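Student: Position 2, counted from 1, in the sequence shown is what the numbering used here calls 4; the numbers after and before it change by one each time, with no gaps.
The structure is given below, and queries will be raised subsequently.
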Amino acid sequence: MDLLLWITIGFIIIGYIVLTSMKTSMENKLAYIKANSEDEKSSVKAKSIVWWITSATVWGIVSMFLIVWYFHNHFG
């Protein structure tokens, strides 16, 4: 099989595992923010949630780009 296919599959699988393993932690941070909205630690936890959402979005965009790139190289 093609190296680009393995890179694409590996990137998608590893990224999915990382994001789902961090999901519970982010839910706990969100619950803490809702309970203690005036606390100073809430802003730090909110920033980490925003970075997690940003990284999930970037991971999705890069995954789509890799899939399109693979199909373009293989079938195009």
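Ideal Cβ placement from N, Cα and C applies to all residues, glycine included.
On a predicted model such as this, the values are computed, not experimentally measured, just so you know.
What is the DSSP secondary structure of serine 39, reduced to helix, strand or coil?
Tutor: Note: serine 39 maps to coil in three-state DSSP.
Student: Kindly give me the distance between the Cβ atoms of tryptophan 54 and methionine 28, rounded to whole angstroms, as I take these residues to be in contact under 8 Å.
Tutor: Indeed they touch by this definition, with Cβ atoms about 5 Å apart.
Student: Leaving out the 5 sequence neighbours to the left and right, which residues in its chain are closer than 6 Å to leucine 21 when beta-carbon positions are compared?
Tutor: Once the five neighbours on either side are set aside, the close Cβ partners of leucine 21 are Ala58.
Student: Tell me the rounded alpha-carbon separation between alanine 33 and tryptophan 8.
Tutor: Answer to the nearest angstrom: the Cα atoms are 38 Å apart.
Student: Could you say if the region 8 to 17 and the region 61 to 70 meet the contact criterion of at least three C-beta pairs nearer than 8 Å?
Tutor: As far as the Cβ criterion goes, the region 8 to 17 touches the region 61 to 70, which means the pair count is three or higher.
Student: Rounding to the nearest angstrom, what Cα-Cα distance links isoleucine 35 and asparagine 75 in this structure?
Tutor: If I take the Cα positions, the gap works out to 46 Å.
Student: Taking 8 Å as the limit between beta carbons, can you name the residues of its chain near serine 44, skipping five residues before and five after?
Tutor: Tyr34, Ile35, Asn38, listed in sequence order.
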